[in-house]
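In the working numbering, each residue's number is its place in the sequence shown (first place is 1) plus 136. Read through the structure below, which is laid out as C-alpha cells, and then see the notes.
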Amino acid sequence: MLCFLSVRIQAPALSALVCSVVLAQPAPLPSGQTPGVSQAPVAREVPPPRPPRKFLIDGRLRPLKPGEVRPYVPPELEPEPEAEATEVKVVEVVEEDVQVLARPWYGAPMVGNLVLGARLPIRGTFQARSSRYCTGRKWWALLPFGWICARQARPTAGPPTDTPVLQVAPGERLPFRYVMVSSQEPIPMWANIEDFKEGRDPERMLEKGDSVAIDKLWKFDGESFYLSVEGRVLPTRGTYTLGQGSSWQGVLLDEKTHFPMGWVLPEHGKLLDAPGGKPVGVLPRRTRVDILEEVQQGGKRFLRVQPSDAAAANAAPAATAGPAALWMSAAEVNEVRRRQMPAGVNPVGRWIDVDVGEQTLVAYEGDRPIFATLISSGRAVPTPLGNYPVWAKVTSITMKSQPYDDKAYFVNKVPWVLFFQAHNAIHGAYWHDRFGVSKSHGCINVSPLDARYLFEWLPPALPHGWVAVRPVDLRESVTVHIYNSHLRRPFRQERPIGPPDREDEAERLEAAERRRAEQAAASAP
C-alpha cells in the first residue's frame, strides 16, 4: 500500500512546507467522467519539463548532480517569548485539526496537531503584535510545548485529557474495526448522513481492496449501511469485515540474546543434516532460531541453526530429532545481525535499523539492540535506502491516492505512523500477515502490536489530546537507517530527508501528466 500524508500549505507557514494529517480531496474528474469507471484515453498537450531546481550547497547555488540529494536545512527559529501568567489552567479545543506552532506568530513551524474536544494544560498566554493568522492576537502556551491561537480553544474548568487519542480495548490489537471492499464494481461512500439522505453525489467511489474504519451499522429504508468513525456512509453490500490484524509480534532483546539470530520464512522450513544435505525435519514459519555457523556451498549459503529456548518448546517434534547439527538454507531464514551505529545516524541515543534484504527491523538504544521484528517493505515501489530522521509521529491517518497516481486507493485510519521520508512511513498494517516478505509500495509495514510498541518507544512522547507531533530540527530526531544487506554496492542516501516537498510533488504531477498525455496520444486514432 502506498503511503501518503496529504500535503497542504497552511497560512502560518508559507516559508516552509507544512504537512497536515487532514485528508486531501480526490482529484477532480474531467467533465462527463464517471467516478470509478475507466475512460478511453483523451489526447492532450504534453507539458514541457521544468528547468532543474537549484539549491545552496557548500555556499554555491547550483543544480543537483546525478545521484545527489539536496541537503537538509533546519528552520531558523526566533527566541521563544516568555508566556504571561494567567488564571486559566486548562483549555478545550473547539476546532477541527488545530495546528500547534513552535512560536506564537505567523510563519512558525508546526510541531503537532490536536483532536477536537481535547482539554490541554497551559503555561500562560501571549499577546502578539499582529493579528495575521490569529484574530484577536491572543495565544495559549501549551504544556509541555507549543502554541495555539486562543480562538481555537476556550478556557474550561474540566481536568486535562488523561488518555491517549487511540484507545485499544483489552484483548484487542487495533483501535478500530475495519471493513474491506470485496466488490469488483466500485461502491459509493458519502461524506455524511445529510449528503446521503439529500441524494448528493458520493464523496468517492471505493475500489476493491479499499478499507474503512467502522463505527456502527445503520439501517435506512430497509437497507444496511455502515457509518465510519469519521461519519461517512457506505453500503455493507460489497464489503467484508476484517479481523484484529496479525497476531505477530517481535521480541524484546537483552544481553542474553544470541546474535546472529533469525526467523523461519516459509510455512515449513526444511532442516538438513548438512549444508545442501538430506532433509531431517521441519520448523514452522516464524520459529526463532540462533544462527551458529554459516558456509557457502555450490553458490548457496547455508546456516547451522538451533531453535531458541522459547521456540524449541513450540517447535515440531521433528525439529529436535536427528543429527546434532541442523542446517537450513539461508534463503529460508530472515536473518538479524547485531550492528554498530552507522555513520550518518543522529547521535540522539536511539535509532532504528532496517534491512530490506532480510525484511527485518531492530530498534537500538546506542549500540544495544532492544527489540527486533519482521517487516514488509516496498515491492512494486522500493523503500528508499538511506538515513532518514523521523519527521512526524501520527496516531492514525488515511492513506490514499494522489493526483499523480494512476490507480485509486483508500486505506482508512492506518494506526501508529512514523513518517521518515516524505510520504514513506513505518506503520501498522491491519490488512495482511505477510511480514517477512516485501509487500508494500514504499512504506515499511509492521504488525499492529509492533507498530504500537515502536510508536510508544520512539521519542518524543505524544501528549494526551495530540494526534501528531513533529520535531522542529530533524538533526535531533531518531534516525531510521535503511539498507539492503543483499546488495554489493556501497550504502548511499537515495532521497532527501524530511516531509514531502511541494516542488517535488508538483514535478511528480507534471511527470504523470506528461506520461498520460503521451499514452493518450499514442492511443488516439
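The beta carbon of each residue, even a glycine, is placed where N, CA and C say it ideally should be. If you're wondering where the values come from, they're calculated on a predicted model, not measured in any experiment.
Whether residue i touches residue j by CB criterion (8 Å)
i      : j      : result
Asp569 : Trp384 : yes
Gly374 : Val317 : yes
Ile329 : Pro371 : no
Leu111 : Glu231 : Because the chain here runs from 137 to 661, residue 111 falls outside it and cannot be looked at.
Pro411 : Trp463 : yes
Gly492 : Ser465 : Before going further, note that residue 492 is Val rather than Gly in the sequence given. No, they are not a contact pair.
Leu594 : Phe507 : no
Val490 : Ile511 : yes
Arg239 : Glu220 : no
Val425 : Gly398 : yes
Lys582 : Thr496 : Per the sequence shown, residue 582 should be read as Val rather than Lys. No; because the gap between Cβ atoms is not below 8 Å, this pair is not in contact.
Asn620 : Leu521 : yes
His563 : Val550 : yes
Val614 : Pro505 : no
Ala377 : Val301 : The residue asked about is misnamed: residue 377 is Thr in this sequence, not Ala. Not in contact: Thr377 and Val301 (Cβ atoms no closer than 8 Å).
Distance between residue j and residue i (C-alpha atoms, nearest Å)
i      : j      : result
Pro280 : Ala604 : 14 Å
Pro635 : Arg515 : 22 Å
His622 : Trp527 : 28 Å
Val157 : Val236 : Confidence at Val157 is low in this model, with a pLDDT of 38, below 50, so its placement is unreliable and no value can be given for it.
Trp600 : Val530 : The residue asked about is misnamed: residue 600 is His in this sequence, not Trp. Those two C-alpha atoms are separated by around 13 Å.
Gly367 : Met341 : 16 Å
Phe627 : Thr534 : 32 Å
Tyr500 : Met325 : 43 Å
Pro217 : Thr261 : 10 Å
Asp646 : Val431 : Reading off the sequence, residue 646 comes out as Glu, not Asp. Those two C-alpha atoms are separated by around 50 Å.
Ser266 : Pro210 : 25 Å
Glu360 : Val348 : Here the sequence assigns Ser to residue 360, which means Glu is not the residue at that position. Roughly 16 Å between the two C-alpha positions.
His394 : Asp346 : 41 Å
Leu428 : Glu204 : 40 Å
Leu250 : Glu212 : 24 Å
Met246 : Asn470 : 39 Å
Gly282 : Gln263 : 15 Å
Pro632 : Val472 : 27 Å
Arg474 : Ser659 : 53 Å
Arg268 : Thr222 : 23 Å
Glu468 : Asp609 : 41 Å
Val365 : Val484 : 37 Å
Gly379 : Trp552 : 18 Å
Gly307 : Leu200 : 51 Å
Arg651 : Asn548 : 29 Å
Val400 : Cys270 : 57 Å
Leu310 : Phe591 : 14 Å
Three-state secondary structure (DSSP) of residue i
i      : result
Asp351 : strand
Tyr376 : strand
Lys274 : strand
Glu223 : coil
Asp426 : strand
Ala461 : coil
Leu645 : helix
Phe281 : coil
Ser532 : strand
Gln169 : Note on Gln169: pLDDT 43, under 50, position unreliable in the model; no value is reported.
Asp357 : coil
Ile511 : coil
Phe332 : helix
Gln432 : strand
Arg638 : helix
Arg440 : strand
Ala479 : coil
Glu228 : strand
Gln235 : strand
Ala83  : The question about residue 83 has no answer, for the chain in this structure spans 137 to 661.
Glu654 : helix
Arg290 : strand
Ser659 : helix
Glu366 : coil
Glu339 : coil
Glu403 : coil
Glu468 : helix
Thr393 : coil
Three CB pairs or more closer than 8 Å across the region 325-340 and the region 277-289:
No, the region 325-340 is not in contact with the region 277-289.
Is there contact here, the region 582-601 with the region 636-654, by at least three beta-carbon pairs under 8 Å? By the C-beta criterion, the region 582-601 is judged not to be in contact with the region 636-654, since fewer than 3 inter-stretch pairs fall below 8 Å.
On the three-pair Cβ rule with 8 Å, is the region 183-191 touching the region 217-236? Short answer: they don't touch.
Next item on the list: Specify whether the region 415-423 and the region 391-404 touch according to this definition: at least 3 beta carbon pairs, one from each stretch, less than 8 Å apart.
Entry: Yes, the region 415-423 touches the region 391-404.
inquiry  = Quick test of the definition: if touching needs 3 or more C-beta pairs under 8 Å, does the region 501-520 touch the region 288-300?
reply    = Touching, no, given that fewer than three Cβ pairs across the two stretches are closer than 8 Å.
Give the list of continuous beta strand (DSSP E) stretches no shorter than 3 residues that lie fully inside the region 534-619. Inside the region 534-619, DSSP marks whole beta strand (DSSP E) runs of 3 or more residues at positions 546-557, 560-564, 580-582, 602-605 and 615-619, from first to last along the chain.
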